[in-house]
Structures are given as structure tokens and as C-alpha cells.
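Read left to right, the sequence shown gives residues -20 to -1, 1 to 163 (mature numbering (1 follows the signal peptide of the UniProt record, and there is no 0)).
The structure appears right after this line, and notes come after that.
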Amino acid sequence: MKKQLSIFIIAAALTLSACGDDNSYGNKMSSNDRQMEHTTHSSSSEVPENLKVAKNPTFKVGDKAIIQTDHMKGMKGATATIVGAFDTTAYMVSYRPTTGGMPVTNHKWIIHEEIKKAADKPYESGSEVVMEADHMKDMKGATAQINEAEQTTVYMIDYTPTTGGDEVENHKWVTEDELSAIK
């Protein structure tokens, strides 16, 4: 009986360890875990030099808008000030930080110009790329899986979290459909 119990425990442990993640990017991570990873956001205003300024953005630099997304805790419902508007392809990605730790899944957004040796055409879902983006801790140099691609205008924004605390400056990136006009 003890031998059967030991075999069962070993088999259960192996099964659980094999099922911990959907893939090497850890796509079973909860949104709360993702938001904890997103507390280390960089505030650099630098953008890739080949990034094109949007010709006719819905929101212009200096405009205010309401954030309709929750990439980070306290974003949704906050008032954003537009710092930059750029036309590009935005990617939702999953990756493991370069120094290890919890995988980040469905991170919104990195842009085409933040991919090392980016191809001329946008990447498709499932592609693997190396990120040059450094707006999150341990992101630069990490291999990422593209989960979604969207040709859009992306915005760099400043905002004060609805949960209180200091203003977040130069948040990269939100898409046009993640903002709404102030009425």
C-alpha cells in the first residue's frame, strides 16, 4: 500500500509540474500576477528613432483622455495626458523576463520598432521575437511570443493612478481604442 501511495504521489507531482504552464511563456498566469509585474514601469520618454509620428491621431499631444484599459493597477478610469502619438503595429506578447521570475503573459503593448532586427512586414500571432523594448523591468533582450498584432496609433501617456500615488510619466503604450474622449 505504501509503495502504491508513493507511486501515486510521484505521478501526481509530475503531472502537476507538467501542467503548470500552457507553454514556456506561462499563459496560465492570472491578471493580478500580470499587474504585479507591471509595477516596475520605466518612465523614459525615449522612443525608437525610426518610429513615425502619427499624421492624424484622434488624440493630439497635450490632449486629455480617459483610459479605458487596465494594463497597470489604477489605470482604468484615470485621466491621461497625451505625450506622443505614433502610427505602427502594436503587439500583445508573452515572455519570460531576462533575469527569470514569473512569466509575463499578454503584455500590452510593444511596438514593431521595439523588436530586435525587425522584419519589414508585421509579425503574425505565434511568431517569436527578441524585444528591444525596455519599458518594463527585465524586458529588453527577452524572447517573446506574439499573441496578437494590431496596426494602429499608439500613445505615450502621463496619468495619475485612480488608486492614488505618484503620476506615471511616459507610459508606453496604449492604443487608440483604449482611450476615450472626455465629455
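Glycine residues also receive a C-beta, built at the ideal position from the N, C-alpha and C atoms.
* Nearest candidate by alpha-carbon position, reference Ser160, set Ala122, Ser24, Met72 and Phe39 -> In this structure, Phe39 is the residue among Ala122, Ser24, Met72 and Phe39 with its C-alpha nearest to the C-alpha of Ser160.
* For Glu158, the three-state DSSP class (helix, strand or coil) -> Three-state result, Glu158: helix.
* Do three or more CB pairs link the region 27 to 43 to the region 60 to 71 at distances below 8 Å? -> Of all C-beta pairs linking the region 27 to 43 to the region 60 to 71, three or more are shorter than 8 Å, placing the two stretches in contact.
* To do: Would you check if the region 40 to 58 and the region 108 to 122 touch, i.e. whether three or more CB-CB distances between them fall below 8 Å?
  => The answer is no - the region 40 to 58 does not touch the region 108 to 122, with fewer than three Cβ pairs under 8 Å.
* **Contiguous alpha helix (DSSP H) assignments of at least 4 residues, all confined to the region 70 to 107** => As far as the region 70 to 107 is concerned, it has no whole alpha helix (DSSP H) run of at least 4 residues.
* To do: Give a yes or no on whether the C-beta atoms belonging to residue 164 and Ala122 are separated by under 8 Å.
  => Outside the shown range of the chain, which is -20 to 163, sits residue 164, and nothing can be said about it.
* To do: Just the C-alpha distance for Ile47 and Thr79, rounded to the nearest angstrom, thanks.
  => So the two alpha carbons sit approximately 31 Å from each other.
* Could you tell me whether the Cβ atoms of Ala60 and Tyr139 are closer together than 8 Å? => By the CB criterion at 8 Å, Ala60 and Tyr139 fall inside the cutoff.
* Length of the line joining the Cα atoms of His85 and Thr142 -> Checking the sequence shown, residue 85 turns out to be Thr, not His. A straight-line Cα-Cα distance of about 24 Å links Thr85 and Thr142.
* Asked: Assuming Glu128 and Ser105 make a contact with CB atoms under 8 Å, what is their CB distance in whole Å?
  -> The Cβ separation is near 6 Å, so the contact holds.
* Through-space distance from Gly144 to Lys101, alpha-carbon basis -> Distance between the alpha carbons of Lys101 and Gly144 is about 41 Å.
* Asked: What does a CB cutoff of less than 6 Å around Leu31 pick up in its chain, not counting 5 residues either side in sequence?
  -> The answer, listed in chain order, is Phe66 and Glu93.
* **Identity of the residues DSSP links to Gln131 by a beta bridge** => Under DSSP, Gln131 takes part in a beta bridge, and its partners are Thr69.
* Asked: Skipping 5 residues on each side, what residues in its chain have a beta carbon closer than 6 Å to that of Lys88?
  -> Cβ neighbours of Lys88 beyond the five flanking positions: His51 and Met72.
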